[in-house]
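Heads up: the sequence shown begins at 51 in my numbering, then just goes up one per residue. Cβ atoms here follow ideal geometry from the backbone N, Cα and C, with glycine treated the same way. As structure tokens, the structure follows; a few thoughts come after it.
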Amino acid sequence: MPPLRCFLVLEPKRMVTMATNELREIDRALSRSLRVKAEEIGVFRNPTAKGDGREDLCREYLSERVGSVFGVTKGEVIDSLGNRSLEFDAVLFDQSTESCLYVMGERRIVRVESLVATVEVKSRLDKDSLRLADEAIEKGLSPQMRFYRPTSLYV
């Protein structure tokens with residue numbers, strides 16, 4: 051599909067609607083594709099195999115979309131005092147800095163300063179599993195200290 055192009059037209063509302071509809075269609079196609087792949091992974095009976103497969107699918111999906119500046123891995127986050135998080139299913143990090151202290155296969159230990167986002171993958175999401183995932187993330191990242199304090203880009 052060609053890249054989305056913007057033109058100066060006399061009917062700007064129509065152009066926005068066309069762009070929005072095209073983006074909606076792309077989103078639907080991606081959703082269908084991910085759903086089919088996740089269902090294929092579901093043929094495994096072992097819950098760990100299902101979970102690992104779906105985590106791999108999520109990391110692959112993100113890796114294809116974040117560009118070359120950012121990396122996506124399974125791993126832990128560490129701060130300047132040595133405090134470490136639990137393992138996250140996906141960690142998005144800035145690769146432009148010396149962000150990883152240790153690499154073992156697909157797993158890494160990532161410095162908190164380069165952390166962009168963490169992701170927990172669930173095959174089924176309900177209120178309790180969402181609360182538990184949120185608590186695990188909060189517990190793992192809250193006490194961590196940075197070598198520096200990030201500031202706003204808008205001064």
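Check	Outcome
Leaving out five residues before and five after threonine 123 in sequence, what residues of the same chain have Cβ atoms less than 6 Å from its Cβ?	Val141, Arg158
Buried or exposed for serine 135, please, with buried defined as at least 16 other CB atoms from any protein chain shown within 10 angstroms of its CB.	buried
For valine 205, name the three-state secondary structure that DSSP assigns.	Residue placement at valine 205 cannot be trusted, given a pLDDT of 47 that sits under 50; what the coordinates show is reported in the next sentence. Three-state DSSP puts valine 205 in coil, outside helix and strand.
Counting C-beta neighbours from all protein chains within 10 Å, is the total for glycine 92 16 or more, i.e. buried, or is it exposed?	exposed
Using a Cβ-Cβ cut-off of 6 Å (strictly less than) and excluding sequence neighbours within five positions of alanine 167, which residues of its own chain qualify?	Leu142
With distance defined between alpha-carbon atoms, name the residue in Lys87, Glu156, Glu185 nearest to arginine 104.	Lys87
From the DSSP output, in three-state form, read off aspartate 139 for me.	strand
Alpha carbon to alpha carbon, how far is leucine 175 from serine 110? Give it in angstroms, no decimals.	The residue you asked about is not serine; residue 110 is glutamate in the sequence shown. In a straight line, the C-alpha of glutamate 110 is about 21 Å away from that of leucine 175.
Would you list the one or two residues that DSSP bridges to leucine 165?	Phe143
By the three-class DSSP mapping on this structure, what secondary structure does glutamate 114 have?	coil
Determine the closest residue to glycine 117 out of Gly101, Ser146, Phe138, with distance taken between C-alpha atoms.	Ser146
Can you check whether the CB of serine 164 is closer than 7 Å to the CB of aspartate 144?	yes
Using the C-alpha atoms, what's the distance from leucine 131 back to arginine 82?	44 Å
With DSSP collapsed to three states, give me the class of lysine 100.	helix
On the premise that lysine 189 lies in contact with serine 179, defined as a C-beta separation below 8 Å, what is that separation, rounded to the nearest angstrom?	With a Cβ gap of about 15 Å, serine 179 and lysine 189 do not count as contacting.
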